[in-house]
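Here the protein sequences line up with chains A and B, keeping their order.
Here the numbering used here is used: the first sequence runs in plain steps of one and ends on residue 598.
Here the numbering used here is used: the second sequence runs in plain steps of one and ends on residue 404.
We put the beta carbon where it would ideally sit given N, CA and C, even for glycine.
Working notes for the structure below.
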Amino acid sequence: MSCYSLIISLMASLTLSIACRDQSQTQIHDTAAQEDFTWNLPSHIPLPIIDPENPMSEAKFQLGRHLFYDERLSGNASMSCSSCHQQEKAFSDGRVLAIGSTGQTHPRNSQSLSNVAYNATLTWANSVLITVEKQVFVPLFSETPIEHGLTRENWPDVVLKLKLEARYTDLFKMAYPEDSDHFTEAQITKALAVFVRGLTSFDSPYDRHLAGDNKGYSESAAAGEKLFFSEKMECFHCHGGYNFSDSTADRTTSFINRPFHNTGLYNIDNTGRYPEGNRGIFELTSRESDMGRFRAPSLRNVAKTAPYMHDGSVAELSNVLDFYSAGGRNITSGPHQGDGRKNPFKDGFVTGFTLSEQEKRDVISFLESLTDEKFLTNPRFANPW
Amino acid sequence: MIKRQWTYSFALTALCSTQALSHTDSEWLLPEDGLSVDFQASLSYRNEALVKSSEVYRIPGTLMGGEALPSKKGLSVDEVFLVPTFRLHETYGFMKIGRHLGSDELELDHVLVGHRVLPNLVIEGGKMASAMTPFNGQHVLETNFTSRRLVYDALWGGQLNDEGIRLKAKFFGLETGVELWKGDSFPARQKESDKSAVDVYMRYHAAFGDSLLTIGAFAYEAKAELRDDDRYTAGHSHGSTLVVDPSYFSGDVSTQGAHVLYTNQLNSDWSVAAEGEIAQMKQNGRLTDATHDAAFDSKILGLWGDASLGYRDETLSFRSERLKIQNDVYGSAALVLSDKLGLADADDDPYRYSLSYKHRFTPMLLSRIEWSKDSTTGDKKDVFTAGFVFNGPLYASGSPKE
Numbered sequence: 214m215s216c217y218s219l220i221i222s223l224m225a226s227l228t229l230s231i232a233c234r235d236q237s238q239t240q241i242h243d244t245a246a247q248e249d250f251t252w253n254l255p256s257h258i259p260l261p262i263i264d265p266e267n268p269m270s271e272a273k274f275q276l277g278r279h280l281f282y283d284e285r286l287s288g289n290a291s292m293s294c295s296s297c298h299q300q301e302k303a304f305s306d307g308r309v310l311a312i313g314s315t316g317q318t319h320p321r322n323s324q325s326l327s328n329v330a331y332n333a334t335l336t337w338a339n340s341v342l343i344t345v346e347k348q349v350f351v352p353l354f355s356e357t358p359i360e361h362g363l364t365r366e367n368w369p370d371v372v373l374k375l376k377l378e379a380r381y382t383d384l385f386k387m388a389y390p391e392d393s394d395h396f397t398e399a400q401i402t403k404a405l406a407v408f409v410r411g412l413t414s415f416d417s418p419y420d421r422h423l424a425g426d427n428k429g430y431s432e433s434a435a436a437g438e439k440l441f442f443s444e445k446m447e448c449f450h451c452h453g454g455y456n457f458s459d460s461t462a463d464r465t466t467s468f469i470n471r472p473f474h475n476t477g478l479y480n481i482d483n484t485g486r487y488p489e490g491n492r493g494i495f496e497l498t499s500r501e502s503d504m505g506r507f508r509a510p511s512l513r514n515v516a517k518t519a520p521y522m523h524d525g526s527v528a529e530l531s532n533v534l535d536f537y538s539a540g541g542r543n544i545t546s547g548p549h550q551g552d553g554r555k556n557p558f559k560d561g562f563v564t565g566f567t568l569s570e571q572e573k574r575d576v577i578s579f580l581e582s583l584t585d586e587k588f589l590t591n592p593r594f595a596n597p598w
Numbered sequence: 003m004i005k006r007q008w009t010y011s012f013a014l015t016a017l018c019s020t021q022a023l024s025h026t027d028s029e030w031l032l033p034e035d036g037l038s039v040d041f042q043a044s045l046s047y048r049n050e051a052l053v054k055s056s057e058v059y060r061i062p063g064t065l066m067g068g069e070a071l072p073s074k075k076g077l078s079v080d081e082v083f084l085v086p087t088f089r090l091h092e093t094y095g096f097m098k099i100g101r102h103l104g105s106d107e108l109e110l111d112h113v114l115v116g117h118r119v120l121p122n123l124v125i126e127g128g129k130m131a132s133a134m135t136p137f138n139g140q141h142v143l144e145t146n147f148t149s150r151r152l153v154y155d156a157l158w159g160g161q162l163n164d165e166g167i168r169l170k171a172k173f174f175g176l177e178t179g180v181e182l183w184k185g186d187s188f189p190a191r192q193k194e195s196d197k198s199a200v201d202v203y204m205r206y207h208a209a210f211g212d213s214l215l216t217i218g219a220f221a222y223e224a225k226a227e228l229r230d231d232d233r234y235t236a237g238h239s240h241g242s243t244l245v246v247d248p249s250y251f252s253g254d255v256s257t258q259g260a261h262v263l264y265t266n267q268l269n270s271d272w273s274v275a276a277e278g279e280i281a282q283m284k285q286n287g288r289l290t291d292a293t294h295d296a297a298f299d300s301k302i303l304g305l306w307g308d309a310s311l312g313y314r315d316e317t318l319s320f321r322s323e324r325l326k327i328q329n330d331v332y333g334s335a336a337l338v339l340s341d342k343l344g345l346a347d348a349d350d351d352p353y354r355y356s357l358s359y360k361h362r363f364t365p366m367l368l369s370r371i372e373w374s375k376d377s378t379t380g381d382k383k384d385v386f387t388a389g390f391v392f393n394g395p396l397y398a399s400g401s402p403k404e
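What follows is the structure, given as structure tokens:
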């Protein structure tokens, strides 16, 4: 009996010892999330990827905001980033095609900057442009077409103008406190990248509806949501996920997809061709199958970013629905004549569908429910000058 | 690698020393001569289920798999098995066909062939339960309680049951063995044929008058490659239709444990028994799903112990079980994957206390009632169970069983 008692005592003491120790736990170690910046994201939205060489900070964001709205950051001091990326238009410009500081017309439509931090690739069709830091060089220094019109020759003068602005002295010091030299090209582009990356938009009626608040989310929008996410319309395949684009990446993504799609917008002479200078990633790869393939933009705030498509050739949302309903666009005359519906490189999901007038209104209501009014008016993103 | 070498060395030393000493205990290793067929079944009524039938059973903080499915609410046949066994001279075989706790499917649970190659040395192969502890091979109806031990659900998917080869020996009360596994069963998952899982064990049996004492220890090592929770997926659904978005663990798994059993026939009426085990599992590797990847370190410490008091055909038993879980998940996908896999819910030690009363009508038929306080799914539940167990031979030829 004493042996029995011994064993019972042993087990009891083991049980007690394990019970009295610390409780079970799972510790999350995500060092990338520890940064001096408030993203203002809802809890279900992951943090975006950042350039490890350019960590986010509030000081850099504020410097970037000033630079973003500063026309002195152009060759002739007539154009800022905000010229083509206006807050009230979800940081697009409402034009069919963008116009540079010298009046040259860009072949493409200005994209919205809503949640650009989540884009797996930047611009309309560039599979290798994957960081905002590199992207901001394009409008600043591009020559064909000229956008901001900055060159190696006029750069010193531009920097001098910035240095003469008293507000910048403190902004640069706060943004780059460990740097002895300020107003460098790298500092300017990094600050712009931080500001652009910080333009997050996740407070639309649809987001609130997902969170359980249906105020501002109409029955028509709910009906449109069902259609949008249906196999009938197929929209969600390219415009799915929390950012309504299949070209989305965040810090939880380990295998990043960088898809591009031909939607049947053109089919010049029924050969599959798109207009010269606007042929999608074909212009980088020269692969025939890449003809007309562009990145699917986020549909966040899409109701504010008309006109649509990479060349702004579709005026309104209802026209966009008509276009996809037809499974492409048939151009019957002119230099771009050809039946886009039969483009041999068209994406398999653009097959066409039939909507009643009410269904069409419902889908548009849903797309309008993606408008984040706070994003359009948030003073944090507004012109500081 | 060093750990694996240590395991092999331990096994080799154990078997060599066994050979040097062997000359008794040889009959202990083999079943009786002839053919026998046993039938086992348990019928239970429960007032509560750990999870709804539409939910996935997860012990918070653990990566589960194997056959660790929960018992059901209401009246159900918990387990049913047909167990044919034969022995012809030095060769014997054993099958177990049936359905285990939580499953809806009949399956070939074990099929094993063994041969005594030396008086105290036996080799066995087939689909079998590991013998590294005396408890792993037990199904629930063979225990004093109506639920699987918590440690076995968390560490072994209910039971370490795989295809493999076992070499075991016994002499002077010392039992030792080494088991090489194909490595297809939880917690292992092998994709390459040159990798496998291995365990070694050693137990010492001693008799003191009317008391029997067994103490033992084991070590197990395996690799897992893209191991998912296959309890609810096609091909191993156990009748469930739940669909789980697959997530995977890939990495090293090592487990060590020690156990003790004690019985004492105090007199012709009264007996006491106690048994218990402490086991630790470490998992080190990566968690992934289709788009996420995170580094993962996990340590689960499990302990259980039970004590029984018997009077003639009545048995009163109490069991205490507890898990302590420490997980560290690293990387930008740490939170996402932890949420998805239920790891983030590990904020309390899962525990269960059970009190059971059994009455034996005949050597083959008994009834039992049980109360348990169960926190294994995060919510504390009082589960009351009542039922019957049948466990006996349907047919036997050759020497009668003792």
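Helix, strand or coil: how does DSSP classify Gly218 (chain B) here? Walking along the second sequence from the start, residue 218 (chain B) turns up at place 216. Three-state result, Gly218 (chain B): strand.
Would you mind working out which of A:Lys439, A:His319, A:Ser502 sits nearest Glu360 (chain A), comparing C-alpha positions? Start at 1 with the first residue of the first sequence, and residue 360 (chain A) comes out as number 147. Nearest C-alpha to Glu360 (chain A): A:His319.
9 Å Cβ cutoff, Leu152 (chain B) in contact with chain A: In the second sequence, residue 152 (chain B) corresponds to position 150, counting from 1. Taking Cβ atoms only, chain A never reaches closer than 9 Å to Leu152 (chain B), which makes this a no.
For the beta strand (DSSP E) containing Ala326 (chain B), name the first residue and the last one. Taking the first residue of the second sequence as 1, we reach residue 326 (chain B) at position 324. A small correction: the amino acid at residue 326 (chain B) is Lys; Ala does not occupy that position in the sequence shown. Element bounds for Lys326 (chain B): 316-332.
What does the Cβ neighbour count give for Trp272 (chain B), buried or exposed, with the cut at 16 atoms within 10 Å? As a position in the second sequence, residue 272 (chain B) is number 270, starting the count at 1. With fewer than 16 other Cβ atoms within 10 Å, it is exposed.
With a Cβ-Cβ cutoff of 9 Å, do Glu271 (chain A) and Phe250 (chain A) count as a contact? Here residue 271 (chain A) is taken as the residue at index 58 of the first sequence, counted from 1. Here residue 250 (chain A) is taken as the residue at index 37 of the first sequence, counted from 1. A Cβ-Cβ contact shorter than 9 Å links Glu271 (chain A) with Phe250 (chain A).
Hey, does Gln285 (chain B) have any beta-carbon neighbour from chain A nearer than 9 Å? Along the second sequence, one-based indexing puts residue 285 (chain B) at 283. Not one chain A Cβ lies under 9 Å of Gln285 (chain B).
Any idea what DSSP makes of Phe441 (chain A), helix, strand or coil? On the first sequence, position 228 is the one that residue 441 (chain A) refers to. Taken through DSSP and simplified to helix, strand or coil, Phe441 (chain A) comes out as helix.
Which residues, in order along the region 316-339 of chain B, keep a beta-carbon less than 9 Å from a beta-carbon of chain A? Answer in chain order: Ser322, Glu323, Arg324, Leu325, Lys326, Ile327, Gln328, Asn329, Asp330, Val331, Tyr332, Gly333, Ser334, Ala335, Ala336, Leu337, Val338, Leu339.
According to DSSP, simplified to helix, strand and coil, what is Trp598 (chain A)? Stepping through the first sequence from its first residue, residue 598 (chain A) is reached at position 385. Looking at Trp598 (chain A) - three-state DSSP - the assignment turns out to be coil, as it is neither helix nor strand.
Can you find a C-beta in chain B that's less than 9 Å from the C-beta of Ser237 (chain A)? For the purposes of this step, residue 237 (chain A) is identified with residue 24 of the first sequence, where counting begins at 1. The Cβ of Ser237 (chain A) sits closer than 9 Å to at least one Cβ of chain B.
Endpoints, the beta strand (DSSP E) within which Asn266 (chain B) is located: In the second sequence, residue 266 (chain B) corresponds to position 264, counting from 1. Where Asn266 (chain B) is concerned, the enclosing beta strand (DSSP E) starts and stops at 250-267.
Of all the CB atoms in chain B, is at least one closer than 9 Å to the CB of Phe304 (chain A)? Here residue 304 (chain A) refers to the residue found at position 91 when the first sequence is read from its first residue. At a cut-off of 9 Å between C-beta atoms, Phe304 (chain A) does not count as an interface residue with respect to chain B.
Going by beta-carbon coordinates alone, are Ser291 (chain A) and Ser314 (chain A) separated by less than 9 Å? Taking the first residue of the first sequence as 1, we reach residue 291 (chain A) at position 78. Taking the first residue of the first sequence as 1, we reach residue 314 (chain A) at position 101. Contact flag set, yes.
Please report how far the alpha carbon of Glu581 (chain A) lies from the alpha carbon of Ser433 (chain A), in whole angstroms. On the first sequence, position 368 is the one that residue 581 (chain A) refers to. On the first sequence, position 220 is the one that residue 433 (chain A) refers to. Their backbone Cα atoms lie some 11 Å apart in a straight line.
Would Ala292 (chain B) pass as an interface residue toward chain A - the criterion being a Cβ-Cβ separation below 9 Å? In the second sequence, residue 292 (chain B) corresponds to position 290, counting from 1. Judged by the 9 Å Cβ criterion, Ala292 (chain B) is in contact with chain A.
If we require 4 or more residues per run, which alpha helix (DSSP H) segments fall completely within the region 336-413 of chain A? List check, alpha helix (DSSP H) in window: 345-348, 350-354, 368-376, 379-388, 398-410.
Quick one: grab the DSSP three-state call for His207 (chain B). As a first step, residue 207 (chain B) must be located in the second sequence, where it is residue number 205. His207 (chain B) falls in the strand class under three-state DSSP.
What residue from B:Asn269, B:Leu268, B:Leu263, B:Ala221 has the CA that sits closest to Leu282 (chain B)'s CA? Against the second sequence, residue 282 (chain B) aligns to sequence position 280. Just to set this straight, residue 282 (chain B) is Gln in the shown sequence, not Leu. Taking only the C-alpha atoms, the option nearest Gln282 (chain B) is B:Ala221.
Hey, out of B:Asp299, B:Gly304, B:Thr364, whose CA is closest to Gly333 (chain B)'s CA? Taking the second sequence and counting its residues from 1, one reaches residue 333 (chain B) at position 331. Put simply, of B:Asp299, B:Gly304, B:Thr364 the residue whose alpha carbon is nearest the alpha carbon of Gly333 (chain B) is B:Asp299.
By Cβ distance below 7 Å, which residues in the same chain neighbour Tyr282 (chain A) in space, the five residues on each side in sequence not counted? For the purposes of this step, residue 282 (chain A) is taken as the residue at position 69 of the first sequence. The residues are Ser293, Ser295, Asn596, Pro597, Trp598.
Alpha carbon of Lys383 (chain B) to alpha carbon of Arg321 (chain B), nearest angstrom: Mapped onto the second sequence, residue 383 (chain B) falls at position 381. Mapped onto the second sequence, residue 321 (chain B) falls at position 319. Here the alpha carbons of Arg321 (chain B) and Lys383 (chain B) stand approximately 16 Å from one another.
Mapping DSSP to helix, strand and coil, what is Trp306 (chain B)? The residue labelled residue 306 (chain B) in the question sits at position 304 within the second sequence. Strand, per DSSP.
Can you grab the Cα-Cα spacing for the pair Glu391 (chain A) / Ile544 (chain A), in whole Å? Counted from its first residue, the first sequence places residue 391 (chain A) at position 178. Counted from its first residue, the first sequence places residue 544 (chain A) at position 331. If you take the alpha carbons of Glu391 (chain A) and Ile544 (chain A), they lie about 58 Å apart.
Cβ-based neighbour list, Lys587 (chain A), same chain, cut-off 6 Å, excluding 5 preceding and 5 following: Taking the first residue of the first sequence as 1, we reach residue 587 (chain A) at position 374. Excluding residues within five positions, the ones whose Cβ falls inside 6 Å are Asp416.
Between the C-alpha atoms of Gly304 (chain B) and Met269 (chain A), what's the straight-line distance to the nearest angstrom? Residue mapping note: residue 304 (chain B) aligns to position 302 of the second sequence, counting from 1. Residue mapping note: residue 269 (chain A) aligns to position 56 of the first sequence, counting from 1. Gly304 (chain B) and Met269 (chain A) have their C-alpha atoms roughly 43 Å apart.
Spell out the partners DSSP gives Ala131 (chain B) in its beta bridges. Locating residue 131 (chain B) in the second sequence gives position 129, counting from the first residue. Ala131 (chain B) pairs with B:Asn163.
Which bits of chain A does Asp40 (chain B) rub up against, with CB to CB less than 8 Å? As a working note, residue 40 (chain B) is residue 38 in the second sequence. Within chain A, no residue comes near Asp40 (chain B); the closest Cβ sits about 30 Å away, beyond 8 Å.
Using 10 angstroms around the beta-carbon of Arg380 (chain A), count the other beta-carbons present and answer buried if the total reaches 16, otherwise exposed. On the first sequence, position 167 is the one that residue 380 (chain A) refers to. By the 10 Å Cβ count, Arg380 (chain A) comes out exposed.
Segment contact, 8 Å Cβ cut-off, at least three pairs: the region 540-558 of chain A with the region 395-408 of chain A: Taking 8 Å as the limit for Cβ pairs, the verdict is that the region 395-408 of chain A does not touch the region 540-558 of chain A.
Distance, Thr379 (chain B) Cα to Gly179 (chain B) Cα: Position 177 of the second sequence, counted from the start, is the residue given in the question as residue 179 (chain B). Position 377 of the second sequence, counted from the start, is the residue given in the question as residue 379 (chain B). The straight-line gap from Cα to Cα measures roughly 35 Å.
In this structure, what does DSSP give as the bridge partners for Tyr94 (chain B)? Position 92 of the second sequence, counted from the first residue, corresponds to residue 94 (chain B). DSSP lists B:Arg89, B:Gly116 as partners of Tyr94 (chain B).
Given 8 Å as the limit, tell me if Ser393 (chain A) has its C-beta closer than that to any heavy atom belonging to the ligand FAD. The ligand FAD is not part of the structure shown, which contains no ligands of any sort.
Given Leu214 (chain B), which residues of its chain have a CB within under 6 Å of its CB, disregarding the five upstream and five downstream residues? Here residue 214 (chain B) refers to the residue found at position 212 when the second sequence is read from its first residue. Cβ neighbours of Leu214 (chain B) beyond the five flanking positions: Thr265.
For Ala22 (chain B), which residues from the same chain have a beta carbon less than 7 Å from its beta carbon, with the 5 sequence-adjacent residues on both sides left out? Position 20 of the second sequence holds residue 22 (chain B). Caution is warranted here: a pLDDT of 35 is assigned to Ala22 (chain B), below 50, making its placement in the model unreliable, and the coordinate value is therefore given only provisionally. Once the five neighbours on either side are set aside, Ala22 (chain B) has no close Cβ partner at all.
Out of A:Pro261, A:Thr564, A:Ser578, A:Phe579, which one is the CA nearest neighbour of Leu412 (chain A)? Within the first sequence, residue 412 (chain A) is the residue found at index 199, counting from 1. Nearest of A:Pro261, A:Thr564, A:Ser578, A:Phe579 to Leu412 (chain A), Cα basis: A:Pro261.
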